[in-house]
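Enquirer: The opening position of the sequence shown corresponds to residue 1 in full-length UniProt numbering, with each subsequent residue numbered one higher. Glycine included, each C-beta is placed from N, C-alpha and C at the ideal position. Please find one structure pasted underneath; my questions will follow.
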Amino acid sequence: MKRKEFILKQGEKCNYIYFVVKGVLKLFHTDDNGNQHNLQFATEKLWLTDFGSLYNDTPSELYIQALEPTSILQIKKKDLFVLYDNSPLFDRNMRIVTENAFIEQQNRLLQTISSTAIERYQYFLNKYPDLSNRISNVQIASYLGVTPEFLSSIRKKTVNT
Numbered sequence: 001m002k003r004k005e006f007i008l009k010q011g012e013k014c015n016y017i018y019f020v021v022k023g024v025l026k027l028f029h030t031d032d033n034g035n036q037h038n039l040q041f042a043t044e045k046l047w048l049t050d051f052g053s054l055y056n057d058t059p060s061e062l063y064i065q066a067l068e069p070t071s072i073l074q075i076k077k078k079d080l081f082v083l084y085d086n087s088p089l090f091d092r093n094m095r096i097v098t099e100n101a102f103i104e105q106q107n108r109l110l111q112t113i114s115s116t117a118i119e120r121y122q123y124f125l126n127k128y129p130d131l132s133n134r135i136s137n138v139q140i141a142s143y144l145g146v147t148p149e150f151l152s153s154i155r156k157k158t159v160n161t
């Protein structure tokens, strides 16, 4: 995939689960004012999908886009269910992936509602230790729910402490 290429757009049904071989994907939502809200990043050896659209067979409210040249593997929904049925090891591993994704989303929600911007930035750095060198401040700021200018001031404060 090329940088900025989409594999899912809002309004489309998500029919795949994606595994990142190389590169970075972002999962995001665009609000009615055109503002992007980054929900999640996936780097090498991580899975990404719109679980709601995939499992409920509904149009997605999200986008998935490459932030750099990216190689992925994708499993079609119907093949995913065949693998679940025919491979207990695959079923178990994907259940763990899904459970970890759920735990991560809970942690992210807690961070969003109860942490300062500096704490959210530190959480981002712990979760994605090398990502700040690979993606723009605009992408990180969107993930944190702050402006790029405020992120710059946060970075200065964390460097000086």
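(1) Using a Cβ-Cβ cutoff of less than 6 angstroms, which residues in the same chain neighbour Tyr123 once the five nearest sequence positions on both sides are dropped?
(2) Mind checking Ile103: buried by the 16 CB within 10 Å criterion, or exposed?
(3) Closest to Glu12 by C-alpha separation, out of Leu62, Asn35, Phe81, Gly34, would be which residue?
(4) If I follow the unbroken beta strand (DSSP E) through Gln40, where does it start and stop?
(5) Is Gln10 helix, strand or coil by DSSP?
(6) Report the rounded CA-to-CA distance for Lys9 versus Phe28, giving the unit in angstroms.
(7) Within the continuous alpha helix (DSSP H) that includes Leu46, where are the two ends?
(8) In whole angstroms, what is the alpha-carbon distance linking Lys45 and Gln65?
(9) Below 8 angstroms between beta carbons: does that hold for Tyr143 and Ile72?
(10) Is it the case that the Cβ atoms of Thr70 and Leu25 are separated by a distance below 8 angstroms?
(11) Does the Cβ of Ser60 have 16 or more other Cβ atoms within 10 Å, making it buried, or fewer, making it exposed?
(12) Thinking C-beta only, is Tyr16 closer than 8 angstroms to Lys76?
Expert: Put simply:
(1) As a first step, residue 123 is located in the sequence shown; it is residue number 123 there, counting from the start. Excluding residues within five positions, the ones whose Cβ falls inside 6 angstroms are Gln111.
(2) For the purposes of this step, residue 103 is taken as residue 103 along the sequence shown, with counting starting at 1. So Ile103 ends up on the exposed side.
(3) As a first step, residue 12 is located in the sequence shown; it is residue number 12 there, counting from the start. That would be Leu62, whose Cα lies nearest to the Cα of Glu12.
(4) As a position in the sequence shown, residue 40 is number 40, starting the count at 1. Start and end: 36–42.
(5) Counted from its first residue, the sequence shown places residue 10 at position 10. Of the three classes helix, strand and coil, the one that applies to Gln10 here is coil, per DSSP.
(6) For the purposes of this step, residue 9 is identified with residue 9 of the sequence shown, where counting begins at 1. For the purposes of this step, residue 28 is identified with residue 28 of the sequence shown, where counting begins at 1. Each residue's alpha carbon lies about 10 angstroms from the other.
(7) Here residue 46 corresponds to residue number 46 of the sequence shown, with the count starting at 1. That residue, Leu46, is in no alpha helix (DSSP H); it is neither H nor E in DSSP.
(8) Stepping through the sequence shown from its first residue, residue 45 is reached at position 45. Stepping through the sequence shown from its first residue, residue 65 is reached at position 65. Approximately 17 angstroms, taken between the alpha carbons.
(9) By 1-based counting over the sequence shown, the position of residue 143 is 143. By 1-based counting over the sequence shown, the position of residue 72 is 72. Contact: no.
(10) Locating residue 70 in the sequence shown gives position 70, where the first residue counts as 1. Locating residue 25 in the sequence shown gives position 25, where the first residue counts as 1. Against a cut-off of 8 angstroms, the Cβ pair of Leu25 and Thr70 comes out as a contact.
(11) On the sequence shown, residue 60 is found 60 positions in, with the first residue counted as 1. That one is buried.
(12) Translated into the one-based positions of the sequence shown, residue 76 becomes position 76. Translated into the one-based positions of the sequence shown, residue 16 becomes position 16. Contact: yes.
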